[in-house]
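Novice:
Numbering (the working numbering), first residue to last: 3 to 348.
1. Which value, in whole angstroms, describes the spacing of the CA atoms of residue 336 and residue 133?
2. Tell me whether residue 193 sits in a helix, a strand or coil according to DSSP, three-state version.
3. Taking residue 95 as the reference, which of 65, 279, 201, 144 has the closest Cα?
4. Would DSSP call residue 298 helix, strand or coil?
5. Going by beta-carbon coordinates alone, are residue 189 and residue 179 separated by less than 9 Å?
6. Please report how far the alpha carbon of residue 33 lies from the alpha carbon of residue 91, in whole angstroms.
7. Here's the rule: buried if 16 or more other CB atoms are within 10 angstroms of the residue's CB, otherwise exposed. What is residue 262?
8. Taking the CB atoms as reference points, tell me whether residue 196 and residue 166 lie closer together than 9 Å.
9. Is it true that the CB of residue 226 sits closer than 9 Å to the CB of residue 218?
10. Using only the alpha-carbon positions, how far apart do residue 246 and residue 310 sit?
11. Just the C-alpha distance for residue 204 and residue 315, rounded to the nearest angstrom, thanks.
12. Throw me the rounded Cβ distance for the residue 306 and residue 278 pair, which I believe falls under 8 Å.
13. Check for me: the alpha helix (DSSP H) holding residue 166 runs from which residue to which?
14. Along the chain, where does the alpha helix (DSSP H) that runs through residue 248 open and close?
15. Please report how far the alpha carbon of residue 100 lies from the alpha carbon of residue 80, in whole angstroms.
16. Going by other Cβ atoms of all chains shown within 10 Å of its Cβ, with 16 needed for buried, is residue 345 buried or exposed?
17. How many Å lie between residue 170 and residue 248 at the Cα?
18. Specify, as a first and last residue, the run of the alpha helix (DSSP H) that residue 64 falls within.
19. Between which two residues does the alpha helix (DSSP H) holding residue 207 run?
20. Could you tell me the distance, in whole angstroms, from the CA atom of residue 78 to the CA atom of residue 111?
21. What does the alpha-carbon distance come out to for the pair residue 172 and residue 232?
22. Excluding the 5 residues flanking residue 152 on each side, which residues of the same chain have their C-beta closer than 6 Å to its C-beta?
23. Looking only at C-alpha atoms, which of 48, 299, 240, 301 sits nearest to residue 276?
24. Rounding to the nearest angstrom, what Cα-Cα distance links residue 215 and residue 223 in this structure?
25. Please state whether DSSP places residue 341 in a helix, a strand or coil.
26. I'd like the span of the alpha helix (DSSP H) that includes residue 220, first residue to last.
27. Is the Cβ-Cβ distance between residue 82 and residue 72 less than 9 Å?
28. Can you list, in chain order, the residues of its chain whose CB lies under 7 Å from that of residue 162, leaving out five sequence neighbours each side?
29. Please go through the same chain and pick out, in chain order, the residues whose beta-carbon is closer than 7 Å to the beta-carbon of residue 93, but skip the five residues on each side of it.
Put into structure tokens, the structure is as follows:
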């Protein structure tokens, strides 16, 4: 499964048919002929020099070009890696695995049309190739074409039902498509198949948090057993406990997070919010000021401190903070409402 940051869900312009039954397959020509000898120099990495020597002894062996392509990939020389896979396919265009690996290389370069075409070719050569179907599904998931994505992930699971990654991917597609209940089943299948699947436990924790279901704590705890220093798991745990009114336990979770990431603004702010709910306004002010020491434009820090000042009867300081908050973020309605209330009481 392709791993990409959530922030990289780009809108990619492709003329891809959405109907999964109308796939067009494109073939690659098999270029016959002797491959040229390769040379190395002092700047050539040692592992690639070694493969070059093997290639010079067996120039028409496609597996050697695949091996060198993977070596180039390890050195982050993507163009050279792609070039070698093209050579491998010119020698032997019958192997689906070659097309799948080339699709991976194209994907790293954001060449999504080429990625699509290579996966289509792999599926044409091997109609039961679960890996190609899974990656094809992932491509359409990133394009937010969820009907096509779910069709191909279901096809992939038909051939490889015990694949934890594919079950996780199905959960992600269904989650984005708005089917929370079925997405939970996908994530649960993933952790049944792979009890150490951190990302699946995190998704279950998040979804059960939204449902305000205490099972969220169990899932976050399991995630933390796998990755004890996970900031996202500690934050998810703290936020669920905070929203559930379990303030002392929430503070412990945030404290554990801050031991790993001392100036995490969300954790510091939320600790301030918890202290506010506990009516420990002076402790809350310290937390909000801590966020402002890190970032003077952290508008929520001014809002939080303003609420504390207002609770302590220091209305002028509260109004100053609300104004400062609105100067940074004019559309922050909570600050505007509190400022209006304070002005009416003045």
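For every residue, glycine included, the Cβ atom is placed at its ideal position computed from N, Cα and C.
Specialist: Taking the definition as stated:
1. 49 Å
2. helix
3. 65
4. coil
5. no
6. Here the model assigns residue 33 a pLDDT of 43, short of 50, so the residue's position is not dependable, and the following value carries that caveat. Roughly 8 Å between the two C-alpha positions.
7. exposed
8. Contact flag set, yes.
9. no
10. 21 Å
11. 41 Å
12. Going by Cβ atoms, the distance from residue 306 to residue 278 rounds to 7 Å, so yes, they are a contact pair.
13. 166 to 179
14. DSSP places residue 248 outside any alpha helix (DSSP H), giving it a letter other than H or E.
15. Each residue's Cα considered, the two are about 15 Å apart.
16. exposed
17. A direct Cα-Cα distance of roughly 30 Å separates residue 170 from residue 248.
18. 64 to 76
19. 200 to 212
20. 11 Å
21. Whole-angstrom Cα-Cα distance: 24 Å.
22. 175
23. Of the candidates 48, 299, 240, 301, the residue whose Cα lies closest to the Cα of residue 276 is 240.
24. 14 Å
25. helix
26. 217 to 228
27. no
28. 132, 168
29. Beyond the five residues adjoining it in sequence on each side, residue 93 comes within less than 7 Å, by CB distance, of 62, 64 in the same chain, given in chain order.
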